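Enquirer: Would you mind keeping the following structure in view while I ask a few things?
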Ligand code: ATP
C-alpha cells in the first residue's frame, strides 16, 4: 500500500500551497460531522491543493446547519481558488452508506449553494477505498458521527453498512467522565499529548465500534479474512490501531493521516 498521496495532501493543506500540476482538476468536498474538507486532485489522482475547517454543521451524516455548511464550503473554495489562481466549478460529495433521499441530496445542495456544481456522490467508505487503491479488503471509516464499512472484492464493491457511533461518542464519554463540556472534550481528544491518559476512558467505545463492525460482517464468511483498513479522524488516537484490532479479533491497518483518506477519495469521483 503506498501512502504517498495522503502524505502529500497533508503537506499541501498544512502549508496552504499547491503542487505543480496541469489541469484538468477534480474537486471533492467532505461535509463531515466534525470537519469540512475540500480537496483538489489532478487527472492522475495526485493532490494539488486542499483546505479544511473544524465545524459542526452535520450530525450523524445529516446536514443540520445548511447555511453554516454552505458558508464554510464557500470559504474553503475561496481559499483554494486563491492558492491555485483558478475557479473551482464542479465537485463531488460523499454520504454515509444508507443515507437516502433528501438527506443525501442535502450535501449536493450545500456545495451548489457555495458555487460548486455537484457532479457525483459516493459512499464515504467507498471513497476511502478508492484513495487507498484497495482491490480486496474491508474499509472501516470512523468519522465524527458514524462508523461505516465498505467491502471490496476484485476492486468491486460487495456491500456497505453504517452505524451511528463515531468519534463524537468518545467525546461524550470524555465529557461525562472529566465533567467538562463537549467542546473541551473534543479539544482534549485531539491533543495527542493526552492520548495515553484518555485511552482507558474511551476504550469501551472503541471496543463497541469493533463489535459493530464484526456484526456488520456477520453472515459474510467469505470476507472474514480480508485485510481491514481503518480511516477517519478517530483512528488518530495513539493506541487505536492495537486496541481496535484486539477487540475486532485480528490486526487492522491505520494509514497515515486517516482523516484525509476519505476526502482524497471523494475528489477521485469529482
Ligand atoms: P462523519 O464522516 O461521521 O460525518 P467526519 O467526516 O467529520 O464525520 P472525520 O473527519 O473522519 O469525520 O473524523 C472526525 C472525528 O475525528 C471527530 O470525532 C474528531 O474529534 C476526531 N479526531 C480528529 N482529529 C483527532 C485526533 N488528533 N485525535 C483523536 N481524534 C481526532
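Numbering (the working numbering), first residue to last: 4 to 273.
We put the CB at the ideal spot given by N, CA and C, even for glycine.
Small disclaimer: the values here were computed from a predicted structure and weren't measured.
#1: Less than 7 Å between the CB of residue 193 and some heavy atom of the ligand ATP, yes or no?
#2: CB-CB under 8 Å to residue 10, same chain, minus the five flanking residues each way: which ones, in chain order?
#3: Rank 224, 48, 26 and 37 by C-alpha distance to the C-alpha of residue 130 and give the top, closest one.
#4: When the Cα atoms are used, what is the spatial distance from residue 178 to residue 156?
#5: Let me confirm a value: residue 219 is counted as buried when at least 16 other C-beta atoms fall within 10 Å, else exposed. Which label applies?
#6: Please classify residue 86: does DSSP put it in a helix, a strand, or coil?
#7: Drop a sphere of 10 angstroms on the beta-carbon of residue 7, count the other beta-carbons inside from all chains shown, and report buried for 16 or more, exposed for fewer.
#8: Sorted by chain position, which residues of the same chain lie with C-beta nearer than 6 Å to residue 188's C-beta, five sequence neighbours on each side aside?
#9: Which residue marks the beginning of the beta strand (DSSP E) containing residue 162, and which one marks its end?
#10: Buried or exposed, going by whether 16 or more other CB atoms sit within 10 Å of the CB of residue 194?
#11: Are residue 35 and residue 273 close, meaning C-beta to C-beta below 8 Å?
#12: Please state whether DSSP places residue 54 in a helix, a strand or coil.
#13: According to DSSP, is residue 196 helix, strand or coil?
#14: In the structure shown, what three-state DSSP assignment does residue 201 receive?
#15: Is it right to say residue 96 is buried, meaning 16 or more other beta carbons lie within 10 angstroms of its own, or is it exposed?
#16: Any heavy atom of the ligand ATP within a distance shorter than 7 Å of the CB on residue 262?
Expert: Reading off the structure:
#1: yes
#2: 259 and 260
#3: 48
#4: 40 Å
#5: buried
#6: Helix.
#7: exposed
#8: 174, 177 and 178
#9: Here the beta strand (DSSP E) through residue 162 covers 159-166.
#10: exposed
#11: no
#12: strand
#13: helix
#14: helix
#15: buried
#16: yes
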